[in-house]
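Student: Quick one: the structure is below, questions incoming.
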Amino acid sequence: MAAPMDLSCWGGDWGLPSVHPESLIVLAYAKFSGAKLTAQPVDRTWRMLTETVPTLHCQGSTVTEPAQILNFLRKQRYNADYELSARQGADTMAYMALLEEKLRPALLHAFWVDAENYANVTKPWFSSRCPFPLNFFVPGRQASTALSLILLTKGESPLNSIAEVEAKIYKEAKECLNLLSYRLGSSLFFFGNTAASLDAFVFGYIAPLLKANLPSSQLQQHLKQLTNLCHFCDTILKTYFDVNAPGCLPVFSPSSPPSPGSLSIRQDAVDANLQKLTQLVNKESNLIEKMDDNLRSSPQHRPRGPPSKPSSLPSEKNSTPA
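In terms of full-length UniProt numbering, the sequence shown opens at residue 1 and continues consecutively.
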């Protein structure tokens, strides 16, 4: 009998099981691999002050950070990447590094630094989940941490102002989303019909951006133009999560069907910056592919397939906005 595993995480809203990207990554991977986690939301508790989120508790072991939690689950033989080839495993690590470097800073800015989004969406949500008197300073502390992280990773010379940093991180984030859309194409998931750890990371990062009602939404509007990524999120929500649970919002649905011409991805539409990102991923992937795969030699639980057949995606690929 498998040992019980509890996951401390932020709770859900906006039609998502969690509004917190890192928590969402772990929850999605658990669904993909068949790991049975009991979610323990830190909402309205004092644990949010002292506990890192997400945190996995299992038989006296405590593991934090999504990558470390996923490694722990793999050691428990819950491996959603079991059927991936060495090349696909290398691609996974390369794309995960790209998400961390290019997309995560823009998400932190969109939710925690952008004044309009913070005042109207982020601060009210987290304040309503914090017990008194934590609701007065926990959101502000997290906003300060997000800004410090952005400036630490993206504020290098010759950038001298937060406006210049903002322009840079949104440009890189849009290029990253373009590359993800190009890589996904018309497939259900990034490596075919089976969800793996890369799908969990992409879902965790882009689903809150897609579902939140952000008043300042340049990155969100860019994402909504990449309809295959929107369908990707909706497929995971419909297949693995109860999107009709109380308090959940309807999943995204385009207001009008895309025209056939807008669904084709042509190589001449991929700009120079997107090509550079593709080359970067390929370079990192080739280096990572040389590493030993120390998990394939041990028996594993088979990754869990979708409980029901997901709704089909458009038969052709999507256009990549500039």
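Glycine is no exception: its CB is placed at the ideal position from the N, C-alpha and C atoms.
Asn193: buried (16+ other C-beta within 10 angstroms of its C-beta) or exposed?
Tutor: In the sequence shown, the residue the question calls residue 193 occupies position 193. So Asn193 counts as exposed.
Student: Give the list of continuous alpha helix (DSSP H) stretches no shorter than 4 residues that lie fully inside the UniProt domain "Metaxin glutathione S-transferase" (173–236).
Tutor: Here the runs fully enclosed are 197–211 and 218–225.
Student: Could you tell me the boundaries of the beta strand (DSSP E) in which residue 398 lies?
Tutor: Only positions 1 to 322 of the chain appear in the structure, and residue 398 is not among them; the question remains open.
Student: So what does Leu37 bridge to, in DSSP terms?
Tutor: Locating residue 37 in the sequence shown gives position 37, where the first residue counts as 1. Answer is Met5, bridged to Leu37.
Student: Based on the DSSP output, what are the partners of Val26 in its beta bridges?
Tutor: Translated into the one-based positions of the sequence shown, residue 26 becomes position 26. Note: Val26 sits in no beta bridge, so no partner.
Student: Pull up the DSSP beta-bridge partners for Val63, would you.
Tutor: Start at 1 with the first residue of the sequence shown, and residue 63 comes out as number 63. Leu56, per the DSSP bridge assignment.
Student: Taking C-alpha atoms, which residue in Ala207, Leu219, Tyr78 and Pro215 lies nearest to Thr235?
Tutor: Here residue 235 refers to the residue found at position 235 when the sequence shown is read from its first residue. Nearest option by C-alpha distance: Ala207.
Student: For Ala106, count the other beta carbons within 10 Å of its own beta carbon; 16 or more makes it buried, fewer makes it exposed. Which is it?
Tutor: Numbered from its first residue, the sequence shown carries residue 106 at position 106. Looking at its Cβ environment, which holds 16 or more other Cβ atoms inside 10 Å, Ala106 is buried.
Student: DSSP state of Leu16, grouped into three classes?
Tutor: Within the sequence shown, residue 16 is the residue found at index 16, counting from 1. In the structure shown, Leu16 sits in a strand (DSSP, three-state: E or B).
Student: Leu198 to Lys171, Cα distance in whole Å?
Tutor: Indexing the sequence shown from 1 puts residue 198 at position 198. Indexing the sequence shown from 1 puts residue 171 at position 171. Going from the Cα of Leu198 to the Cα of Lys171 covers about 22 Å.
Student: Is the beta carbon of Leu73 sitting closer than 7 Å to the one on Ala35?
Tutor: Here residue 73 corresponds to residue number 73 of the sequence shown, with the count starting at 1. Here residue 35 corresponds to residue number 35 of the sequence shown, with the count starting at 1. Yes; because the gap between Cβ atoms is below 7 Å, this pair is in contact.
Student: Return helix, strand or coil for Tyr78, following the three-state DSSP convention.
Tutor: Reading the sequence shown from its first residue, position 78 is the one you call residue 78. Strand at Tyr78.
Student: Need the endpoints of the alpha helix (DSSP H) that Val138 sits in, please.
Tutor: Residue 138 sits at position 138 when you count from the first residue of the sequence shown. It spans Val138 to Lys154 - the alpha helix (DSSP H) in which Val138 sits, taken as one unbroken run.
Student: Going straight from the alpha carbon of Ala3 to that of Lys168, what length do you get?
Tutor: Stepping through the sequence shown from its first residue, residue 3 is reached at position 3. Stepping through the sequence shown from its first residue, residue 168 is reached at position 168. Their backbone Cα atoms lie some 45 Å apart in a straight line.
Student: Let me confirm a value: Lys75 is counted as buried when at least 16 other C-beta atoms fall within 10 Å, else exposed. Which label applies?
Tutor: For the purposes of this step, residue 75 is identified with residue 75 of the sequence shown, where counting begins at 1. Exposed: under 16 other Cβ atoms inside 10 Å.
Student: Using 8 Å as the Cβ pair cut-off and three pairs as the minimum, do the segment 223–243 and the segment 65–72 touch?
Tutor: No, the segment 223–243 is not in contact with the segment 65–72.
Student: Ordered along the chain, which non-local residues of its own chain (more than five positions away) have a Cβ less than 6 Å from that of Gln40?
Tutor: The residue you call residue 40 lines up with position 40 of the sequence shown. Once the five neighbours on either side are set aside, the close Cβ partners of Gln40 are Asp6 and Ser8.
Student: Looking at C-beta atoms only, is the number of pairs between the segment 203–223 and the segment 105–124 that lie closer than 8 Å three or more?
Tutor: Yes: at least three Cβ pairs fall under 8 Å.
Student: Check whether the segment 217–227 touches the segment 44–60, counting contact only when three or more Cβ pairs, one atom from each stretch, lie closer than 8 Å.
Tutor: Contact between the segment 217–227 and the segment 44–60 is absent, because fewer than three Cβ pairs lie under 8 Å.
Student: Just reading off the alpha helix (DSSP H) that Pro105 is part of, what are its end residues?
Tutor: Residue 105 sits at position 105 when you count from the first residue of the sequence shown. Counting along the chain, the alpha helix (DSSP H) containing Pro105 begins and ends at Arg104 to Leu108.
Student: Put Pro21 into one of helix, strand or coil per three-state DSSP.
Tutor: Taking the first residue of the sequence shown as position 1, residue 21 is located at position 21. Helix, per DSSP.
Student: Which of the three DSSP states, helix, strand or coil, is assigned to Leu84?
Tutor: Numbered from its first residue, the sequence shown carries residue 84 at position 84. Leu84: coil per DSSP, three-state reduction.
Student: By how many angstroms is the C-alpha of Asp13 removed from the C-alpha of Asp43?
Tutor: Along the sequence shown, one-based indexing puts residue 43 at 43. Along the sequence shown, one-based indexing puts residue 13 at 13. Asp43 and Asp13: Cα-Cα distance of roughly 12 Å.
Student: Check Glu51 in the structure and name its three-state DSSP category.
Tutor: Here the question's residue 51 lines up with position 51 in the sequence shown. Coil.
Student: Just the Cα atoms here: how many angstroms apart are Glu83 and Tyr182?
Tutor: In the sequence shown, counting from the first residue as 1, residue 83 sits at position 83. In the sequence shown, counting from the first residue as 1, residue 182 sits at position 182. When rounded, the distance between both Cα atoms is 23 Å.
Student: Run through DSSP, which three-state label would Gly89 get?
Tutor: Indexing the sequence shown from 1 puts residue 89 at position 89. If DSSP states are grouped into helix, strand and coil, Gly89 belongs with the helices.
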